[in-house]
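The sequence shown maps to residues -21 to -1, 1 to 227 in mature numbering (1 follows the signal peptide of the UniProt record, and there is no 0).
For every residue, glycine included, the Cβ atom is placed at its ideal position computed from N, Cα and C.
Remember, it's a predicted structure, so these values are computed and weren't measured experimentally.
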Amino acid sequence: MRGTSVCLLLLLLLLLGATEGFPNYSLEFCNFNSTDPNDIEYTMSYVYHNVEFVKFSSKWDKYVGLTEFGIEQAAKWNNDSRILNRRRLQKYVFCEPNVKLFYNNFLSKSVEPSAVLNTSPSGGSEQVLVCSVYGFFPKDVTVTWTNHQQPVTTGVSTTELLPDSGWTYQLHSHLEFSPSPGDQISCVIEHISLKEPIVLDYEGALSDGDRNKVAVGASGLVLGLVLSLAGFIYYRHKSRGLVLVPNH
């Protein structure tokens, strides 16, 4: 996956006990962004009373203490080759097969997004467009704005990634701008599931053909008004030259 980092929880609450009423437990994770073993990190954290006090990472290849007690415990475990080797093996025993399984069943799949472009009330002379993208997986998506196919960055804001149904996601991007004659504004959506980007054109922006039609219509309206006014003036002028003769 491009730029995707997923954390796979292999074992939660490995041991849950109570010491003087305080819970203690450990967490094991596989952090990865590909199936390449070099991109996989195995970690194990030990927690006491909601405080992480010691942690092992396959990248460090050792335990690291995070509290005074944790430092003492890490030194003890790092000097025990049996404990250290057992922890090192977890990357190969747990992480690598589960990461491949996760990729094959989830991350290798993709769902195409659907998108709509709407206007939103702004309460002023500014226009606000909302480009909403729904139902896509994986979560990496790019939403940009263009005007005459040139990038627009001013007035752009985007929501955080939001969950949608069925493990999919949704995202909403807003563009606030001052409408100008000749605008050709579009929302462009790029996603790994798409062969080509989705391009949504703002229908409120007139195309060249539409502007020509409007110009012709406006010219015809002006011409009609001029002819009507000229006819009215001619009628008034002729009316003043008439002399009414009374009938006897």
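Under the three-state DSSP convention, the category residue i falls into
i           : result
Gln149      : strand
Gly49       : helix
Leu68       : helix
Pro16       : helix
residue 228 : Outside the displayed range of the chain (-21 to 227) lies residue 228, so it cannot be described from this structure.
Asn57       : helix
Asn84       : helix
Leu96       : strand
Leu141      : strand
Leu6        : strand
Leu173      : coil
Burial state of residue i (16 or more Cβ within 10 Å)
i      : result
Leu96  : buried
Trp124 : buried
Val72  : exposed
Val133 : The identity of residue 133 in the sequence shown is Thr, whereas the question assumes Val. By the 10 Å Cβ count, Thr133 comes out exposed.
Val33  : buried
Pro16  : exposed
Ala94  : buried
Leu80  : exposed
Leu78  : The amino acid occupying residue 78 in the given sequence is Val; Leu does not appear at that position. The residue in question, Val78, is buried, as its Cβ has 16 or more Cβ neighbours within 10 Å.
Ala54  : exposed
Gln149 : buried
Val112 : buried
Gly49  : buried
Lys70  : buried
Pro117 : buried
Ser152 : buried
Gln106 : buried
Phe85  : exposed
Ser87  : exposed
Ser37  : buried
For residue i, the first and last residue of its enclosing alpha helix (DSSP H)
i     : result
Val78 : 75 to 81
Start-to-end residues for the beta strand (DSSP E) that takes in residue i
i      : result
Gln106 : 106 to 115
Leu179 : 177 to 180
Ser136 : 135 to 137
Glu169 : 164 to 170
Gln128 : Taken as a continuous stretch (DSSP letters only), Gln128 belongs to no beta strand (DSSP E), as it is neither H nor E.
Val30  : 30 to 36
Proximity of residue i and residue j at Cβ, strictly below 8 Å
i      : j      : result
Val178 : Ser165 : yes
Leu108 : Val131 : no
Met23  : Leu45  : no
Pro142 : Gly114 : no
Thr137 : Glu169 : no
Thr14  : Tyr82  : yes
Ser159 : Ser89  : no
Asn57  : Lys41  : yes
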